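Scroll down for the structure; my scribbles are underneath it.
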Amino acid sequence: MDSRILYGVISLLIISTVPAFAQESLISVQTDDKNYDEGDTIVISGQVSTIVGETPVTLQLFTEGNLVDIAQITVAQDGTYSHTVIAEGPLWNKAGDYLVRVLYGEGNIAESEFSYTPKSDVVETTTNFEVDAGSHGTFDVEYTIKGGVVKDMIVDSDIFALIVQIDSTDEGKIDLDLPREFIGAEKQDGKDDTFIVLIDGVEVAYQESVVHSDSRVITINFEQGDSDIEIIGTYIVPEFGTIAMMILIVGIMATVVLTRNRFQMKI
């Protein structure tokens with residue numbers, strides 16, 4: 003009796019285990035990001051654990067059940083595969099979630115999702131931010147941001163930096179028009195030097211395509227979740243700006259006049 007019960011339990015375990023092995027897929031898939039805008043390059047890649055002859059990977063891309071793209075991908079000798087898709091064209095007109103499905107051989111399927119936003123839905127903001135410079139008053143920084151909003155801009159005079167605090171809801175970029183009168187990066191000969199740009203403490207590259215006589219325009223790319231962007235130069239809010247210099251000159255002239263009057267009175 004006991005042995006029959008034992009054999010029954012073993013049989014149930016074997017039966018319940020078989021489907022689990024049968025459902026295990028030989029293929030995996032992922033994208034290089036989870037959020038894309040129109041015009042972006044989507045890199046789809048994965049791994050085949052067991053290569054079946056020259057069988058290709060079949061890729062299908064759907065949104066709301068509609069087929070957007072289909073491709074046959076060759077598997078490399080090490081089992082990897084990769085495919086790129088440009089997110090543009092007449093079929094890329096809907097914002098939302100997109101499904102990547104790959105099939106390999108008999109019953110081997112893997113899926114991954116990403117979100118997509120066409121240009122018509124991308125929110126891009128251009129405006130001025132009034133930066134508090136303490137005893138020096140304020141100065142304006144014009145900016146354009148996509149993928150987030152600017153929460154604040156703070157002067158850190160100890161490290162000659164302008165700190166831009168953002169709420170990044172997606173990967174994006176910010177263009178900053180930095181007025182030379184208040185912030186800059188210069189070499190000893192007065193020529194432009196490169197800024198040091200940090201995002202959440204990590205140094206990143208930036209682009210500078212526009213240089214004006216009174217400002218420098220830089221572009222910084224950021225990722226979803228980034229918050230603090232530090233732009234570090236060689237000076238910020240100079241101690242003797244135009245207004246401060248005028249006040250200094252007036253003060254010196256007043257001192258000279260008083261000194262002369264006192265000197266004349268003593269004579």
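Heads up: the sequence shown begins at 3 in the working numbering, then just goes up one per residue. Cβ atoms here follow ideal geometry from the backbone N, Cα and C, with glycine treated the same way. In this text, all values refer to a predicted model and were calculated from it rather than measured experimentally.
Roughly how many angstroms lie between the CA atoms of residue i and residue j, to the nearest whole one?
i           : j           : result
residue 110 : residue 91  : 30 Å
residue 209 : residue 133 : 23 Å
residue 122 : residue 140 : 35 Å
residue 43  : residue 138 : 46 Å
residue 35  : residue 56  : 29 Å
residue 247 : residue 239 : Confidence is the limiting factor: at residue 247 the pLDDT is only 44, short of 50, which leaves the residue's position unreliable, though a coordinate-based value still follows. In a straight line, the C-alpha of residue 247 is about 13 Å away from that of residue 239.
residue 75  : residue 62  : 11 Å
residue 116 : residue 45  : 11 Å
residue 2   : residue 112 : For the chain, the structure presents residues 3 to 269; residue 2 sits outside this window and is missing.
residue 87  : residue 229 : 30 Å
residue 120 : residue 67  : 18 Å
residue 129 : residue 50  : 49 Å
residue 189 : residue 180 : 17 Å
residue 211 : residue 199 : 16 Å
residue 33  : residue 237 : 42 Å
residue 143 : residue 131 : 5 Å
residue 83  : residue 104 : 11 Å
residue 95  : residue 162 : 45 Å
Just mark residue i as buried or exposed, buried being the case when its beta carbon has 16 or more other beta carbons within 10 Å.
i           : result
residue 29  : buried
residue 207 : exposed
residue 157 : buried
residue 78  : exposed
residue 93  : exposed
residue 203 : exposed
residue 213 : exposed
residue 125 : exposed
residue 191 : exposed
residue 174 : buried
residue 69  : exposed
residue 201 : buried
residue 176 : buried
residue 16  : Any reading at residue 16 needs caution, since the residue's pLDDT is 40, under 50, leaving its predicted position unreliable; the model's value is listed next. Answer is exposed; the Cβ neighbour count stays below 16.
Any idea which residues DSSP pairs residue i with across the strands?
i           : result
residue 99  : 117
residue 240 : Partner(s): none; residue 240 has no beta bridge.
residue 112 : 104
residue 28  : Note: residue 28 sits in no beta bridge, so no partner.
residue 81  : Answer is none; residue 81 lacks a bridge partner.
residue 185 : 238
residue 232 : 165, 200
residue 217 : 181
residue 153 : Paired residues: none, contrary to the question.
residue 143 : 131
residue 38  : 118
Measure the beta-carbon distance from residue i to residue j and round it to whole angstroms, keeping in mind my assumption that it falls under 8 Å.
i           : j           : result
residue 53  : residue 98  : Between residue 98 and residue 53 the Cβ distance is about 35 Å, and since that is not below 8 Å, they are no contact.
residue 220 : residue 178 : 6 Å
residue 106 : residue 38  : At roughly 24 Å, the Cβ-Cβ gap does not stay under 8 Å, so residue 106 and residue 38 are not in contact.
residue 48  : residue 89  : About 19 Å; that fails the 8 Å criterion.
residue 166 : residue 231 : 4 Å
residue 31  : residue 114 : 5 Å
residue 100 : residue 65  : 5 Å
- prompt: Between the segment 183 to 192 and the segment 166 to 175, do at least 3 Cβ pairs fall closer than 8 Å?
  reply: no
Stretch pair the segment 145 to 152 + the segment 186 to 196: three plus CB contacts closer than 8 Å: no
query: Okay, do the segment 151 to 163 and the segment 209 to 227 touch, 3+ Cβ pairs below 8 Å being the bar?
result: no
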